[in-house]
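Chemist:
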Amino acid sequence: MEDLITRLSEAADPRVIDWPFMNDPSFVLVIIVVYLILVLKIGPAFMENRKAYSLNKFMFYYNITAVIASAAISYGLLTSGWTTTLTLGCEPATHSLDPEPLRMAKFVWWTMILKIFELTDTFIFVLRKKKNQTSFLHIYHHAMVVLIAWIGTRWAAGGMWTLNIITNCMVHVMMYMYYLLASFGPKIQNVISPWKPYLTIIQMLQFLFMLIHMCQALLPSCEPTRKPIAYIYLSQVIVVFYLFWEFYKKSYLKKNKSL
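In UniProt numbering, the protein residues as written are 1 to 259.
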């Protein structure tokens with residue numbers, strides 16, 4: 001245990017320690033606990049005897065914000081090393097104070113903030129009484145992503161790790177664009193609904209890409225001080241991929257067989 005703590009301490013990024021919420025995990029842990037209490041207990045109890053809120057105008061602006069923020073982070077990370085020096089091979093995160101790596105680290109921090117912001121998804125579902133959408137997959141995924149984003153900012157704010165953020169943000173641009181269009185009402189929803197299964201497929205392909213790309217971090221010569229982070233990250237990707245696959249089978253494959 002002492003060896004693990006020492007290795008994690010050595011791998012931690014000194015650049016981010018003084019950044020907001022990065023000194024210790026208490027902030028994100030409180031956020032996650034409050035989120036779980038609100039969406040599992042307080043929210044459903046509050047809505048039990050109330051009509052569902054429409055929230056159409058709020059969802060419109062929320063989804064636009066999510067699209068712009070996801071696109072901005074993708075662009076910011078791409079132009080902070082991936083269009084200049086980084087490759088698809090093993091690219092360890094550095095603690096460099098040079099402009100590009102430091103800019104990249106800042107965008108990784110903003111990713112954490114974005115993932116906290118995206119917890120709003122669940123509150124929207126609760127207030128609209130969309131119980132089928134507040135599934136274990138949805139809540140687990142949103143909560144764990146916030147924690148993983150904090151861990152990533154603290155220990156891996158750069159290098160090969162950020163390619164997964166770029167991929168995820170690009171997928172979220174498509175996802176929130178879909179939600180944005182859906183917020184225009186039933187007519188648009190009927191037009192775009194055939195594309196919904198493909199969003200899940202794209203998300204699963206994203207996880208496969210993450211697994212393949214990040215398996216490099218398990219090689220002895222790659223990221224020797226961040227092996228614990230790699231194990232945590234890859235295990236979560238496997239779990240979430242499995243949950244998405246089960247959702248896809250239940251929601252689309254079995255439904256097609258019954259037709």
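Each residue gets a CB set at the ideal place from its N, CA and C atoms; glycine is no exception.
Could you check if Glu223 is buried or exposed, using at least 16 other CB atoms within 10 Å of its CB as the buried criterion?
Modeler: Label assigned to Glu223: buried.
Chemist: Where does His95 fall in DSSP's three states?
Modeler: Note: His95 maps to coil in three-state DSSP.
Chemist: Let's test the definition: count the other Cβ atoms within 10 Å of the Cβ of Trp195 and tell me whether it reaches 16, buried, or not, exposed.
Modeler: So Trp195 counts as exposed.
Chemist: How many Å lie between Ser193 and Tyr179 at the Cα?
Modeler: Near 10 Å, if we compare the C-alpha coordinates of Tyr179 and Ser193.
Chemist: Could you tell me the boundaries of the alpha helix (DSSP H) in which Gly43 lies?
Modeler: Gly43 to Met47 is the extent of the alpha helix (DSSP H) around Gly43.
Chemist: For Arg226, which three-state DSSP category applies?
Modeler: Helix at Arg226.
Chemist: Tell me the DSSP secondary structure of Thr167 in three-state form.
Modeler: Of the three classes helix, strand and coil, the one that applies to Thr167 here is helix, per DSSP.
Chemist: Per DSSP, what kind of secondary structure is Ser70 in: helix, strand or coil?
Modeler: Helix, per DSSP.
Chemist: So Phe21 is in the alpha helix (DSSP H); what residue range does that whole segment cover?
Modeler: Phe21 -> no alpha helix (DSSP H), and no H or E assigned at all.
Chemist: Within 8 Å, do at least three Cβ pairs link the segment 145-158 to the segment 83-103?
Modeler: Result yes; three or more Cβ-Cβ pairs closer than 8 Å.
Chemist: If I measure Cβ to Cβ from Tyr176 and keep anything under 6 Å in the same chain, skipping five residues before and after, which residues do I get?
Modeler: Hits under 6 Å: Asn63, Ala66 and Val67.
Chemist: Which word fits Val34, buried or exposed, when buried means at least 16 other C-beta atoms lie within 10 angstroms of its C-beta?
Modeler: When all chains shown are included, Val34 counts as exposed.
Chemist: Closer than 6 Å by C-beta to Thr111: which residues in its own chain qualify, once you throw out the five before and the five after it? Chain order, please.
Modeler: Hits under 6 Å: Ile73, Ala149 and Ile165.
Chemist: Report buried or exposed for Ala173, applying the criterion of at least 16 other Cβ atoms within 10 angstroms of its Cβ.
Modeler: For clarity, residue 173 is Val in the given sequence; the question names Ala instead. Answer is buried; the Cβ neighbour count reaches 16.
Chemist: For Val191, count neighbouring C-beta atoms within 10 Å of its own C-beta (all shown protein chains included) and say buried if the count is 16 or more, exposed if not.
Modeler: The residue in question, Val191, is exposed, as its Cβ has fewer than 16 Cβ neighbours within 10 Å.
Chemist: Is DSSP giving Ala156 helix, strand or coil here?
Modeler: Three-state DSSP puts Ala156 in coil, outside helix and strand.
Chemist: Since His142 contacts Leu119 with CB under 8 Å, what's their CB separation in whole angstroms?
Modeler: The Cβ separation is near 6 Å, so the contact holds.
Chemist: What does a CB cutoff of less than 6 Å around Met160 pick up in its chain, not counting 5 residues either side in sequence?
Modeler: Cβ within range, chain order: Glu91.
Chemist: Would you tell me roughly how many angstroms separate the C-alpha atoms of Arg128 and Ile151, rounded to the nearest one?
Modeler: Answer to the nearest angstrom: the Cα atoms are 32 Å apart.
Chemist: DSSP state of Tyr53, grouped into three classes?
Modeler: Three-state result, Tyr53: coil.
Chemist: Counting along the chain, where does the alpha helix (DSSP H) carrying Gln203 start and finish?
Modeler: Lys196 to Met214 is the extent of the alpha helix (DSSP H) around Gln203.
Chemist: Check whether the segment 69-88 touches the segment 98-111, counting contact only when three or more Cβ pairs, one atom from each stretch, lie closer than 8 Å.
Modeler: Because the criterion of three Cβ pairs below 8 Å is met, the segment 69-88 and the segment 98-111 touch.
Chemist: Quick check on DSSP: helix, strand or coil for Phe107?
Modeler: DSSP places Phe107 in helix when its eight states are reduced to three.
Chemist: Count the CB pairs spanning the segment 214-234 and the segment 243-255 that are closer than 8 Å, and state whether there are at least three.
Modeler: As far as the Cβ criterion goes, the segment 214-234 does not touch the segment 243-255, which means the pair count is below three.
Chemist: Leaving out the 5 sequence neighbours to the left and right, which residues in its chain are closer than 7 Å to Met22 when beta-carbon positions are compared?
Modeler: Only Val16, Thr153 and Arg154 meet the Cβ criterion.
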